[in-house]
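Per numbering that gives the first Met the number 0, residue 0 is the first one in the sequence shown, and the count goes up by one each step.
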Amino acid sequence: MRIGLIGAGAVAGYYRHAAQELGIELAAVCDVNTDAAEAAAPAGAQIFGDHRELYESGLVDAVVVNTPHALHAPMTIEAAEAGLHVLVEKPMAISLEECDQMVQAAETSGTTLMVGHIQHYMPDKLAAAAAIAEGEIGQPTLLRDYRTTDYRTGMRSAWFFSKRIAGGGALINIGAHCIDRTLWLAGSWASSVSANVVNRHDVAVETDGIVHLQLQNGATASITVVSDADEYSDELVIVGENGLIVADPNKGTRSHIDGYTRMLWEPDGDPVQQAFTAELNDFSAAIGGVQPSVSLEHARHVIDVVLSAYASAESKAPVALS
Numbered sequence: 000m001r002i003g004l005i006g007a008g009a010v011a012g013y014y015r016h017a018a019q020e021l022g023i024e025l026a027a028v029c030d031v032n033t034d035a036a037e038a039a040a041p042a043g044a045q046i047f048g049d050h051r052e053l054y055e056s057g058l059v060d061a062v063v064v065n066t067p068h069a070l071h072a073p074m075t076i077e078a079a080e081a082g083l084h085v086l087v088e089k090p091m092a093i094s095l096e097e098c099d100q101m102v103q104a105a106e107t108s109g110t111t112l113m114v115g116h117i118q119h120y121m122p123d124k125l126a127a128a129a130a131i132a133e134g135e136i137g138q139p140t141l142l143r144d145y146r147t148t149d150y151r152t153g154m155r156s157a158w159f160f161s162k163r164i165a166g167g168g169a170l171i172n173i174g175a176h177c178i179d180r181t182l183w184l185a186g187s188w189a190s191s192v193s194a195n196v197v198n199r200h201d202v203a204v205e206t207d208g209i210v211h212l213q214l215q216n217g218a219t220a221s222i223t224v225v226s227d228a229d230e231y232s233d234e235l236v237i238v239g240e241n242g243l244i245v246a247d248p249n250k251g252t253r254s255h256i257d258g259y260t261r262m263l264w265e266p267d268g269d270p271v272q273q274a275f276t277a278e279l280n281d282f283s284a285a286i287g288g289v290q291p292s293v294s295l296e297h298a299r300h301v302i303d304v305v306l307s308a309y310a311s312a313e314s315k316a317p318v319a320l321s
């Protein structure tokens, strides 16, 4: 398989290494900043400044769309119309209408569409999922996800601070990761959302937020995203009927039952690179007809929850999901 990478941003290096490790040809890299594209490309890869020229080149069978959020839908739809398979980075899109249009485009063209929810491939989360599936803590009932980020001006690309381009701030970007993994490990979709957000650092989008979720299976989840914290945190706590699991990519995954702690996974190597390699491998398998780890329905539901969180924060009232 020959793939093209659209967007030579922060995760481009992970995709390059993943392709090399899997024996997948990264045949082209596209970015409006062609210098960045050249820096991200392996030797021999073709460089493009316009994704449409890449689509028309015949050099690739599939593309990875790793661009500002508002470009996910149009670039995915155009790729499908060109007969190309697409792995699009999360968030799937910035509206439910766009999500539906993307799915329809792939169905019409007979191409594969997959959304890159990287949390499903992180080894700490996979260890937690395996333990839950084995019944180690019983049915998850309470989940608390706490993650820090940095939404100060100058700490990330300017487009992250534009609601028109990013779709929002910390919640649609970092919060989407938390919503995704919380729903996945709880084994349920959300039925209602209540949220509050804060705009700090003199930026135009929310920098911090708290989201409370009531899930269809009766579980309750709390997700907190904080900007510019005194120390980095990326911790998910899952409380079950018989015990709890704590998952952290930097500290490991452990269960705690009746006073006894058991390590389920310890950090070994680069878990983020491991996850990107597993994700690209899953995409390759999906093109071959294998069901991917993350369904399009789940990816769309994550967007539904994010948008409902924004609506709740604005109305200062819970929002029910259908």
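Beta carbons: idealized from backbone N, C-alpha and C, even for Gly. If you're wondering where the values come from, they're calculated on a predicted model, not measured in any experiment.
Take residue i as the anchor and find which of the options has the nearest alpha-carbon.
i, options, result
"T260", "S314, Q213, K315, A246", "A246"
"P270", "I117, M113, N32", "I117"
"G153", "T107, H200, A132, L95", "H200"
"D144", "A129, W158, A11, H176", "H176"
"P317", "A18, N195, E24, A9", "N195"
"I222", "M121, A104, I171", "I171"
"A342", "T140, L142, V224, I136", "Residue numbering for the chain in the displayed model covers 0 to 321; residue 342 lies beyond these limits and cannot be assessed."
"M262", "A129, D281, L212", "A129"
"D34", "A18, E24, A7", "A7"
"I237", "I164, E135, P139, L95", "P139"
"S94", "Y150, K162, G137, D123", "K162"
"T252", "N241, L235, G239", "L235"
"A310", "A72, R151, G166, I2", "G166"
"V202", "P248, A228, R155, A284", "R155"
"D49", "H16, L4, F160", "L4"
"L306", "E52, C98, A285", "C98"
"D257", "D267, N241, P266", "N241"
"T107", "H84, P41, L125, H119", "H84"
"A298", "I178, A228, I76", "I178"
"D233", "V10, I173, G268", "I173"
"V301", "N65, R180, E52", "R180"
"A228", "G43, R15, D149, S283", "D149"
Taking the continuous alpha helix (DSSP H) assigned at residue i, which residues delimit it?
i, result
"V85", "It is not in any alpha helix (DSSP H) - V85 instead sits in the beta strand (DSSP E) that spans 84-88."
"L125", "122-132"
"G12", "11-21"
"L295", "295-314"
"I76", "71-80"
"Q103", "95-108"
"T181", "175-185"
"S56", "50-56"
Tell me which residues share the same chain as residue i and place their Cβ nearer than 8 angstroms to its Cβ, disregarding the 5 neighbours each side in the sequence.
i, result
"L214", "L182, A185, S187, W188, A189, S190, A220"
"S314", "none"
"E230", "T147"
"E20", "T276"
"R51", "E77"
Counting along the chain, where does the beta strand (DSSP E) carrying residue i start and finish?
i, result
"P139", "139-148"
"D207", "207-214"
"Y259", "259-264"
"V204", "Counting along the chain, V204 falls outside any beta strand (DSSP E), and DSSP gives it neither H nor E."
"V289", "First-last for V289: undefined, no H or E at that position."
"A157", "Premise fails: A157 is in no beta strand (DSSP E) and is neither H nor E."
"R253", "251-256"
"A27", "24-29"
"T223", "219-226"
Contact check, residue i vs residue j under 8 angstroms by CB: the rounded distance?
i, j, result
"D207", "S226", "5 angstroms"
"P291", "I164", "Going by Cβ atoms, the distance from P291 to I164 rounds to 27 angstroms, so no, they are not a contact pair."
"G239", "G82", "Actually they do not touch by this definition, with Cβ atoms about 46 angstroms apart."
"V63", "I23", "Contact doesn't hold; Cβ gap of about 10 angstroms is too wide."
"A78", "A92", "The Cβ separation is near 14 angstroms, so there is no contact."
"A9", "A39", "The Cβ separation is near 10 angstroms, so there is no contact."
"I244", "A127", "5 angstroms"
"A218", "L142", "7 angstroms"
Would you say residue i faces chain D, with C-beta separation under 8 angstroms as the test?
i, result
"G43", "Considering every chain present, this structure includes no chain D. It has just one protein chain."
Enumerate in chain order the residues of its own chain whose CB-to-CB distance from residue i is below 7 angstroms, with the five nearest sequence positions on each side excluded.
i, result
"G115", "L86, V87, E88, K89, E278"
"Y13", "V271, Q272, F275"
"D123", "A246, D247, P248, G251, T252, W264, P270"
"D295", "Sequence inspection shows Leu at residue 295; the Asp mentioned does not correspond to that position. Closer than 7 angstroms at Cβ, skipping near neighbours: V102, L112, V114."
"A285", "T111, M113, P291"
"N280", "L21"
Identify, in the order they occur along the chain, each residue of the same chain with its Cβ nearer than 6 angstroms to the Cβ of residue i, setting aside the five sequence neighbours on each side.
i, result
"E135", "S254"
Worksheet item: Are the segment 131-147 and the segment 98-117 touching, with three or more C-beta to C-beta distances below 8 angstroms?
Response: As far as the Cβ criterion goes, the segment 131-147 does not touch the segment 98-117, which means the pair count is below three.
Worksheet item: Between the segment 18-28 and the segment 54-62, do at least 3 Cβ pairs fall closer than 8 angstroms?
Response: yes
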